Amino acid sequence: MTKYIFVTGGVSSSLGKGIIAASLAKLLQARGLRVAIQKFDPYINVDPGTLNPYEHGECYVTDDGAETDLDLGHYERFLNIPTSQANNVTTGRIYQTVINHEREGVYLGKTVQVIPHITNEIKRRMQALAVTGEYDIIITEIGGTVGDIESLPFMESIRQMKWELGNQNAIVIHLTLIPYLRSAKELKTKPTQHSVKDLLEIGIQPDILVCRTEMELNTELRRKLALFCNVTVNSVIEAKDVSTIYEVPIEMLREKLDLTVLDKLNLNTTQEPDLGLWRKFLDTLKNPKGEVRIGLVGKYVELQDAYKSIHEAFIHAGASNECKVIVESIHSEHLNGDNAAELLSHLDGVLVAPGFGGRGIEGKIDAIKYIREHKIPFFGICFGMQCAAIEFARNVLKLEGAHTVEVAPETSHPVIDIMEDQKGLTQKGGTMRLGAYDCQLEPDSIAREAYGKGLIQERHRHRYEFNNLYIEQFRKAGMNISGINPHRKLVEIIELANHPYYIGVQFHPELKSTVERPHPLFVSFVAAACKFRDAKN
Ligand code: GLN
């Protein structure tokens, strides 16, 4: 029988529920259990695909083409198994399903209500992954903070599931904050007590408290929390601030979170957790032999979360090259032909980020011109690849005014054009080219060498594509078209041969980089940046 763990948050948002959920899942997985994690978000958007990155950070895309919350990225990076559409559910999607059922007459004349119709649909989705029989444990992270009006139906569903399945089959882990008051030189438990009271008011007794804290929790404080929140003392877990999120599983192991969970769920494994690869990664991450400095040119650089997977992919690729990657964010709106040298010349490599719309595009194009001419390693992703094509068309092929029709619909040289099946679409949500598609790699290319095979699958999220009418012109001028979608002949990868490392990809490699499987293109790009750095000195 599948067991359920719910992770709720209290006191404050941004405590890292996703990382705690992923770390626990990692420990259980390392003990041989089959674990899935999913995220339930109380907002009304049907999925985060229509959200601006300033709202919720990066939109993560799964193999099956779901546009999801960025926490699913953490789940994949930690567990090394792909997530899917079923792993991210929002209030919007729940209501959409219920309302569609109502229109179809499914409810046979009944008044459709939050309880039971909405809560039943939530519970059905909470258990949906269990139907496959593939999992021993399903961890469900609930977005937001206890007490939010919009999360109430989710909390009620958890209460019902605990009641229906029993406390040994469904447990609640409450992630909370123990603030340190500098003036009083004291850690304070009161906000946690209040947040647990909020949960109790809804009818949920949390089983375990995970306490984010700057300072160690002493025995006295743990006892106090246990007493007032009605949990056992060993159910008070300390989650002290650490230097990298990848250390959290080790910290949770030290605090015996996994053992406490197994005990509550009546599961006994004799198997010790196998964290060999994880510890090896952590060790190289913490003891780099050198460092490289890579520029990240984008228009959302103020917000780290907007490029979450790119930052994490650099951490994985850095460890795999035994070097620390220092990512220097550069705002594309601040870049132009005049200051490109000042902003870019000291870098060992430059990544031009994905994006949408015209803001900052000229800065990206100016950056790529400088990088191409000065032979600095370059990696363009999605919009970054499209900008590379525009730059090449304008400055090498001398196609004046070359552009993407996304920004200049009337351009005389549409080197980036709208995809045929995107024409005439009016609905925005879920209509891009999404998810994993095949890409055939050319022999003797950077990509072919990095991947070590000829056919790859990578994830996409775009409406525009390289215009195949320009392929020959590009090829003749030295731009290698090194990756093609075999079914639709879409250009997936462009590369410059006469350059230390220059590659643009239409897909999002960052989404498939994990701790145990760093992405080959990030690994080869960081290696090229190291080589470039060494050649300079
Ligand atoms: N705006 C571009 C497109 O839709 C690129 C998208 C992206 O970078 N994800 O094709």
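So in my numbering, spot 516 of the sequence shown is number 1192, and the numbers just go up one at a time.
C-beta: ideal position from N, C-alpha, C; glycine also.
Bear in mind the structure is a predicted one, so any value in this text is a computation, not a measurement.
Close beta carbons around residue i, own chain, < 8 Å, minus the five adjacent residues each side
| i | result |
| --- | --- |
| GLY1111 | VAL737, THR738, ASP739, ASP740, GLY741, ALA742, ARG1135, HIS1136 |
| CYS1206 | GLY966, VAL968, ASN997, CYS999, ASP1024 |
| GLU1076 | ARG1070, SER1088, HIS1089 |
Contacting residues, own chain, Cβ-Cβ under 6 Å from residue i (five flanking each side not counted)
| i | result |
| --- | --- |
| ARG707 | THR945, GLN947, PRO949 |
| GLU797 | ILE770, THR773, VAL774 |
| ILE815 | ILE681, ALA697, ALA701, ILE713 |
| GLY1159 | CYS1115, LEU1117, ALA1123, GLU1168, ILE1169 |
| GLU778 | VAL788 |
| LEU1197 | ALA1126, PRO1185 |
| TYR751 | ALA698, ILE713, THR759 |
| ALA846 | TYR680, MET837, LYS838 |
| ARG1209 | VAL968, ASP1024 |
| GLY1013 | ASP1042 |
| VAL687 | THR852, LEU853, PRO867, SER871 |
Cβ-Cβ distance between residue i and residue j below 8 Å
| i | j | result |
| --- | --- | --- |
| GLY842 | PRO718 | no |
| VAL886 | ILE696 | yes |
| LEU1023 | PRO729 | no |
| GLU892 | LYS916 | yes |
| PRO1215 | CYS999 | Past the boundaries of the shown model lies residue 1215; the chain is included only from 677 to 1213, so the question cannot be answered. |
| CYS1115 | ILE1092 | no |
| ARG710 | GLU817 | no |
| ARG898 | ILE854 | no |
| THR678 | ILE813 | yes |
| SER689 | THR795 | no |
| GLU1141 | MET1095 | yes |
| THR936 | LEU901 | no |
| LEU1020 | GLY1056 | no |
| PRO1176 | ALA1203 | no |
| LEU748 | LYS715 | yes |
Selection from the options that minimises the alpha carbon distance to residue i
| i | options | result |
| --- | --- | --- |
| ILE1106 | ILE1044, GLU1076, ARG1139, ASN963 | A quick correction: the sequence has Gly, not Ile, at residue 1106. Cα-wise, what sits closest to GLY1106 is ARG1139. |
| ALA982 | LEU1011, PRO1030, TYR1146 | PRO1030 |
| GLY733 | ASN997, LYS975, LYS838 | LYS975 |
| PHE957 | HIS992, ASN1174, LEU691, ASN894 | HIS992 |
| GLY1128 | ASN1143, SER1200, HIS1089 | SER1200 |
| THR744 | GLY725, ILE834, ASN756 | GLY725 |
| LEU933 | GLY1034, TRP954, THR908 | THR908 |
| THR766 | ARG1151, ARG801, VAL687, SER1158 | ARG801 |
| HIS1079 | ASN1071, ILE1066, LEU1073, VAL1072 | ILE1066 |
| THR852 | GLY823, GLU1004, SER859 | GLY823 |
| LYS984 | LEU746, THR684, GLN881 | LEU746 |
| ARG1048 | PRO925, ALA1084, ALA1064, GLY1036 | ALA1064 |
| GLU1082 | MET1108, GLY1033, ILE1057 | GLY1033 |
| LEU1073 | ALA1153, LEU961, ALA762, GLY1180 | ALA1153 |
| LEU1145 | LEU1172, PRO1119, ALA1069, ASP959 | ALA1069 |
| MET1155 | ASN1143, LEU1172, LYS1165, PRO1162 | LEU1172 |
| HIS1007 | VAL1026, HIS1050, ASP723 | VAL1026 |
| ASN764 | PHE754, GLN803, GLY785 | GLN803 |
| ILE1037 | ALA1016, TYR1046, PHE1059 | PHE1059 |
| SER919 | GLU862, GLY685, ASP959 | ASP959 |
| LEU1166 | ARG1151, GLY781, TYR1113, PHE754 | TYR1113 |
| ASP1097 | LYS838, ARG1164, ALA989 | ARG1164 |
| SER1005 | ASN1012, ALA989, VAL1028, LEU704 | VAL1028 |
| HIS1050 | VAL782, TYR1178, LEU1187, LEU691 | TYR1178 |
CB-CB length for residue i against residue j, believed under 8 Å
| i | j | result |
| --- | --- | --- |
| MET1061 | GLN1149 | Not confirmed; about 17 Å, so no contact. |
| ILE720 | GLY768 | 5 Å |
| ALA995 | LEU961 | 4 Å |
| MET831 | ILE880 | 6 Å |
| LEU805 | ALA860 | About 45 Å separates the two Cβ atoms, so there is no contact after all. |
| SER1189 | ALA1016 | Contact doesn't hold; Cβ gap of about 28 Å is too wide. |
| GLU1009 | GLY1039 | 6 Å |
Residue i CB to nearest heavy atom of the ligand GLN below 7 Å
| i | result |
| --- | --- |
| GLU1082 | yes |
| GLY1031 | yes |
| PHE1059 | yes |
| HIS1138 | yes |
| GLN1103 | no |
| GLN714 | no |
| GLN1116 | no |
| GLN761 | no |
| GLN947 | no |
| GLN705 | no |
| GLN1062 | yes |
7 Å Cβ shell around residue i - same chain, five flanking residues per side excluded
| i | result |
| --- | --- |
| GLU931 | ILE913, GLU914 |
| HIS987 | GLN980, VAL1003 |
| THR1102 | none |
| GLU923 | LEU958 |
| ARG835 | ILE878, GLY879, ILE880 |
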